[in-house]
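Numbering (the numbering used here), first residue to last: 5 to 264. Notes for the one structure printed next.
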């Protein structure tokens, strides 16, 4: 059971506020996208987005460790109800339920090195970078093994390609220039997406940018989608009419073939 999408705030592609001081941090990231809009048509089979940028150094960096880049691409969040089937006597039925209040429909993580080498666990929790931390349970949890429910949802969405972690896929050249190619699957939903780019050094997030991406249906796909949402009765009537017409045409074709 999936609830309505939770709107995501859109904003300019600027770094998040860091402090009250006017002095810039020693390192900042400047980012760009190959496209900030994705059109879903009837023939849409997926797409690629290139996220690129550079590390701008405003002062000498005292930390001797090498920098790293982490890129996340997150789709609209939805509420999801996860159910577990169990056998009660001779009947299989729902025996436990967990509601996840906010789970991105699509979530991809790309990094220049393995995440456990780039990021401290507390920084991961703070910025909710790993897929398991990007989802949030809602309300009182009335099941003993809530983790098993969220892990099952993560596994299902990973197998379907909606959640993905590509460690080492971000190219970082001379510790300055970087690029990440993020593959979007064909089963994207319409809505506001966001790309987050993190500059990390010594296990800590040094700087980050957030860039909005709009995904929407166009052409006949958009018309049918809006009709199904805004005028569900007429959409159902039209679907029924098309099904009846298709059945009648198929029946007529078989009769002609039999006569021949």
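Think of the CB as a built atom: it goes at the ideal place given N, C-alpha and C, for glycine as much as any other residue.
For residue i, three-class secondary structure by DSSP
i: residue 76; result: strand
i: residue 7; result: Bear in mind that the predicted position of residue 7 carries a pLDDT of just 48, short of 50, making it unreliable; the figure below should be weighed with that in mind. Three-state result, residue 7: coil.
i: residue 245; result: helix
i: residue 126; result: helix
Residue i versus the options, residue with shortest Cα-Cα distance
i: residue 27; options: 57, 63, 58 and 35; result: 63
i: residue 75; options: 221, 131 and 151; result: 131
i: residue 36; options: 104, 178, 214 and 191; result: 214
i: residue 155; options: 170, 139, 165 and 169; result: 139
i: residue 118; options: 175, 30, 243 and 258; result: 175
i: residue 61; options: 238, 262, 211 and 255; result: 211
i: residue 39; options: 258, 240, 197 and 205; result: 197
Distance between residue j and residue i (C-alpha atoms, nearest Å)
i: residue 267; j: residue 180; result: Here the chain covers residues 5 to 264 and nothing more, so residue 267 does not appear.
i: residue 162; j: residue 84; result: 15 Å
i: residue 49; j: residue 105; result: 29 Å
i: residue 177; j: residue 221; result: 36 Å
i: residue 120; j: residue 93; result: 45 Å
i: residue 144; j: residue 103; result: Low per-residue confidence applies at residue 144: pLDDT is 45, beneath 50, and the placement is therefore not dependable enough to give any value.
i: residue 219; j: residue 113; result: 18 Å
i: residue 107; j: residue 89; result: 21 Å
i: residue 204; j: residue 126; result: 13 Å
i: residue 158; j: residue 209; result: 25 Å
i: residue 57; j: residue 201; result: 9 Å
CB-CB length for residue i against residue j, believed under 8 Å
i: residue 109; j: residue 166; result: 7 Å
i: residue 135; j: residue 111; result: 5 Å
i: residue 128; j: residue 137; result: 6 Å
Minimum Cβ-Cβ distance from residue i to chain D less than 8 Å
i: residue 214; result: Of the chains in the structure shown, none is chain D; there is only one protein chain.
Do the region 69-86 and the region 41-51 touch if we need at least three Cβ pairs shorter than 8 Å? Result no; under three Cβ-Cβ pairs closer than 8 Å.
Using 8 Å as the cut-off, can you tell me whether the region 52-62 makes contact with the region 173-191, which would need three or more C-beta pairs spanning the two stretches below that distance? With the cut-off at 8 Å, the region 52-62 and the region 173-191 touch.
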